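J.: Supplied in structure tokens, the structure appears directly below.
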């Protein structure tokens, strides 16, 4: 059974149909990429899955459970982590604190226990730290552990955001343009990490990406969208060869259809 | 420059990085504890007042500095704390029970207010809290049987196990009591900030959308922050009532709210130390101006007191100068100075430039 199933999902902002009748399913352990020109509705699809926007119609289910009506803060609990296109880190905290915030869903202590800092809280902090250190090691962030986010270069922040999402301990991670603004070497590194996430952590990856090099390298299946509608689905090569996709990117009408 | 070797995660979990810092706090506490033996009554009373303001400042700091929510209504919570305390003690509750209950009551009141209010942010929330302040002020006047209405009421003096903590007869005892309460609250605050709850406050302050994505219930977190903040402020209000002795609703004016906001902004938003430094400045500057006025009158022969409002103007001038020239607050200045010495001669001017905005309302994007 598919891990994530989106069925005919749509959101309309007044007359603007940002996403209109998109359906896809992501299998467990798969790397699934969504591509499309600017304004196609890729990030909006992410925001629908993470429940930041309410669906106008359609249904999303994760792991066999209908998540269409859940609140945004219930999503992480189910095992869906995400990053943001414009990096939404906690700027006035250190890398370590940011990643510890990712452990929020695993905290089992009340605020009274926290104020008294009982031995249980200390033990929980140690456990959180241990998990976070695994992510720091995986993403090679050791040098930045105690640095404030506000002073870090862009490329490092992108990685920290991935680390924070991984700290949740998710089943599925949504990566919103993980390679945008990164150098060629950095985006190759991202490609390796995505491979490792899938192979070593058993994660399912759903990503939005413009860099077709990265998409071709890591994605099992690709969904192309434009103007909120689905254009094509298949392997990276198939989707790139699709005349509708080429038309959406290059602006030429496919042969046989009116312009 | 000090190099710290961390050999276990506990080193990072501890409040203080190393024994040097822990020792400094202990020395400070010891100094504060022996203050009554050599400070005169005037200075001891001022120190007590400063501690109470620091307590109220910590209450507001939790909300403004660490959760990014502005409140112009905290004078109302001081008032609720003070009146609850007096009301409970007047029906015969001992201080040891009435005091925490006053704090908890104020906290619950604050959390209830917060449930609708936290949907707002920035200037809208400030105005909503201002409205709460106005309502509470009117309520105090209307609830005359409990609050004494416009006339006000006497705060009964505190007695614990036969020991008197009266404001005038046993000022040292009251000072020690306040010091103990402030120390305990500070410890709890520091604990909170190194725990998941404190981190969720920071998360809500810095990025609501990613806080949600991490599973943080933003509304509940903000309501909790409001509750804890107003609870601590309520405790400060209760102590303020005992310190002042006789008070009516005018003690808790809007200027107290504004002064509290100044305590946290001038002290340095987002730091517990800032609440203390801000409280010291806010309570000391009017006293220093008064001393200066007397001195100027006696030696130079200029009577500043004869010009109404001049000392308020000097006070305002000092505060404005701080906001313009030291936006990071007193604690920020201290950090800069310390870093300069630690890194000497490698410190750069712009090392602190990026950490400028703390409030959500200050974000430009």
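Chains as they are written, first to last, in our numbering: chain G, 1 to 259; chain B, 260 to 624.
Ideal Cβ positions, reconstructed from N, Cα and C, are used throughout, including at glycine.
Small disclaimer: the values here were computed from a predicted structure and weren't measured.
Report the residue from 126/G, 82/G, 209/G whose alpha carbon sits nearest the alpha carbon of residue 100/G.
T.: Nearest to residue 100/G by C-alpha distance, out of 126/G, 82/G, 209/G, is 126/G.
J.: Between residue 581/B and residue 291/B, what straight-line distance do the alpha-carbon atoms span, to the nearest angstrom?
T.: 27 Å
J.: For chain B, check one thing: does any of its Cβ atoms lie closer than 8 Å to the Cβ of residue 11/G?
T.: no
J.: Beta carbon of residue 482/B, beta carbon of residue 328/B: below 8 Å?
T.: no
J.: Taking beta-carbon pairs under 7 Å, can you tell me which members of the segment 39 to 52 of chain G lie near chain B?
T.: Legend: CB atoms of the segment 39 to 52 of chain G lying less than 7 Å from CB atoms of chain B belong to residues 50, 52.
J.: From this set, 235/G, 212/G, 220/G, 234/G, which residue's C-alpha is nearest residue 249/G's C-alpha?
T.: When only C-alpha atoms are compared, the closest one is 212/G.
J.: With three or more C-beta pairs closer than 8 Å as the rule, is the segment 81 to 93 of chain G touching the segment 458 to 472 of chain B?
T.: yes
J.: Looking only at its own chain, which residues have a Cβ that is under 7 Å from the Cβ of residue 544/B, when we skip the five neighbours before and after it?
T.: 574, 577
J.: Are the beta-carbon atoms belonging to residue 450/B and residue 114/G less than 8 Å from one another?
T.: yes
J.: Find out if the Cβ-Cβ distance for the pair residue 182/G, residue 155/G is shorter than 8 Å.
T.: yes
J.: Determine whether the beta carbon atoms of residue 168/G and residue 40/G lie at a separation below 8 Å.
T.: no
J.: Within a Cβ cutoff of 6 Å, which residues of the same chain sit near residue 365/B, ignoring the five residues on either side of it in sequence?
T.: Result list for residue 365/B: 336, 339, 340, 489, 490, 493, in chain order.
J.: CB residue 304/B to CB residue 511/B, shorter than 8 Å?
T.: Residue 304/B is not a Cβ neighbour of residue 511/B, given a cutoff of 8 Å.
J.: Quick one: measure Cβ to Cβ for residue 536/B and residue 527/B, integer angstroms, because I've assumed they're closer than 8 Å.
T.: 7 Å
J.: Going by C-alpha distance, which of 96/G, 35/G, 28/G is nearest residue 233/G?
T.: 35/G
J.: Closest Cβ-Cβ distance between residue 447/B and chain G: below 8 Å?
T.: yes
J.: Who are the neighbours of residue 101/G on chain B, taking C-beta pairs under 9 Å?
T.: In chain order: 455, 458, 459, 461, 462, 469, 470, 473, 475.
J.: If you draw a straight line from the C-alpha of residue 287/B to the C-alpha of residue 280/B, how long is it?
T.: Each residue's alpha carbon lies about 11 Å from the other.
J.: By a C-beta neighbour count over all protein chains shown, 10 Å radius and 16 as the cutoff for buried, is residue 117/G buried or exposed?
T.: buried
J.: Does the beta-carbon of residue 144/G have 16 or more other beta-carbons within 10 angstroms, so that it is buried, or is it exposed?
T.: buried
J.: For residue 618/B, collect the residues of the same chain with a Cβ closer than 6 Å to its Cβ; drop the 5 residues on either side in sequence, then sort them by chain order.
T.: Residue confidence for residue 618/B is low, a pLDDT of 43 falling below 50, so the modelled location carries little weight and cannot support an answer.
J.: Since residue 168/G meets chain B, which of its residues come closer than 8 Å, beta carbon to beta carbon?
T.: 473, 474
J.: Please state whether the Cβ-Cβ distance between residue 191/G and residue 218/G is less than 8 Å.
T.: yes
J.: How many Å lie between residue 9/G and residue 31/G at the Cα?
T.: Roughly 20 Å between the two C-alpha positions.
J.: By the three-class DSSP mapping on this structure, what secondary structure does residue 9/G have?
T.: In the three-state scheme derived from DSSP, where H, G and I count as helix and E and B as strand, residue 9/G is classed as strand.
J.: Are the segment 311 to 320 of chain B and the segment 430 to 447 of chain B in contact at 8 Å, needing three or more beta carbon pairs?
T.: yes
J.: Any C-beta of chain G sitting closer than 8 Å to the C-beta of residue 450/B?
T.: yes
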